[in-house]
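Beneath this line is the structure, given in structure tokens, with notes to follow.
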Amino acid sequence: MVRRQLGRCLRRLRSAAKVSVDQVVANRELGISRAKLYKLEAGQHPVKPQDVVVLCQFFGASPDEIKRLTALALATQGSADAAIPEWFQLYRDLEQVAASIRSYEGEVIPGLLQTGDYARAVYQAAQPDDGEEAIKHQVNLRMERQERFFSRRPQPRLSAVLSETVLTRLVGGEAVMQAQVEQLRQLGRRDGIEIRVLPFSTGGHAAMAGDFRILDFDDPDDPDIVYLEAQIGARYLQKPSEYDEYQRLWRLIHAQAVPLKEFSP
């Protein structure tokens, strides 16, 4: 999906610049063959960031556009890191190109909002037999994922509704949680980031069946996605009826939740 999105963007740039396939192929400095260009634009070929840069420059793209498409190219690279489950790699790539992400979390701070110490405590609780090197590697991967997401321009929108449980469970101890909540408060002050809390006092709510994330994309050719994660796998829902149902759940819990800055346990 990310490759297709990038391919369409490259094709639009080429069309807007009135550059033909023959002109691309004839420019030997680009090093792009006819077959390669067709595959790139069709989303059928792995995309190297350097190829994106030279093509964008040839098409007269703006620096911001080049940066955005280079980020897409990096997302198509994937990762051979064995520490990242295969089923999560797709989500990680989609996360890096989504225009907005909305999530409901009933037990844990969303990965994009975690401090390093909180991430460490979560991983240690899930994998108590792993050694220090494995733990450090997982935490580093999470911090790198955050860096990639928050360095994107334009900044994607991020909205999270957290169960009160998420804020009151002492993951890693009191000091770790205090630092984590403070980071949430700081992030919540940024433009485009919204953090809300679903208090216990609301009683029953529409999302008691479990966590979910809704990813929306700017390109109308890319279907918006609902992501459901379990311990050893995930589901990606794309049918309009499925998306509409989770939109309904989101509206209900969002209305019940209060802004983090107004929440007090």
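Each residue of the sequence shown is one higher than the one before, counting from 829 in this note's numbering.
A virtual CB, placed ideally from N, CA and C, is assigned to each residue, including glycine.
Going by beta carbon distance, what residues of the same chain come within less than 8 Å of residue i, once the five residues before and after it are set aside?
{"i": "V847", "result": "F886, F887"}
{"i": "G1016", "result": "E1022, I1023, P1087, L1088, K1089"}
{"i": "P891", "result": "none"}
Restricting to Cα atoms, I'd like to know which of the options is closest to residue i.
{"i": "G871", "options": "L900, S928, L1077, F1028", "result": "L900"}
{"i": "V1025", "options": "A988, A844, S928, G944", "result": "A988"}
{"i": "A845", "options": "L858, L834, C884, E1057", "result": "C884"}
{"i": "L918", "options": "S1092, V880, I1053, K895", "result": "I1053"}
Tell me whether residue i counts as near the ligand SAM, meaning its Cβ is closer than 7 Å to at least one heavy atom of that ligand.
{"i": "D1072", "result": "By its list of ligands, the structure shown contains no ligand whatsoever, and the ligand SAM lies outside what it can speak to."}
Residues in its own chain within less than 7 Å of residue i by CB, not counting five upstream and five downstream?
{"i": "A926", "result": "P984, L1043, D1044, F1045"}
{"i": "P877", "result": "T898, A901, L902"}
Between residue i and the rest of its own chain, which residues show a CB-CB distance below 6 Å, the 5 nearest in sequence each way excluded?
{"i": "S931", "result": "P938, A988, R1041"}
{"i": "M1005", "result": "L998"}
{"i": "R1076", "result": "none"}
{"i": "R832", "result": "G871"}
{"i": "D1047", "result": "Q833"}
Are residue i and residue j touching if we call contact CB-CB under 8 Å?
{"i": "S861", "j": "V853", "result": "yes"}
{"i": "L841", "j": "A889", "result": "yes"}
{"i": "F1028", "j": "E992", "result": "yes"}
{"i": "A1037", "j": "I1081", "result": "no"}
{"i": "D1039", "j": "E933", "result": "yes"}
{"i": "E869", "j": "R896", "result": "no"}
Threshold first: 4 residues or longer. Then list the alpha helix (DSSP H) segments lying entirely within the stretch 856–909, N to C. 862–870, 877–887, 891–904
Mind listing, in chain order, the continuous alpha helix (DSSP H) runs of no fewer than 4 residues lying wholly within the stretch 992–1053? 992–996, 1002–1016
Flag this pair as touching only if the stretch 967–980 and the stretch 934–951 have three or more C-beta atom pairs under 8 Å; answer yes or no. yes
Please give the ranges of any beta strand (DSSP E) in the stretch 937–970, keeping only runs that are unbroken, at least 3 residues long and fully inside the region. none
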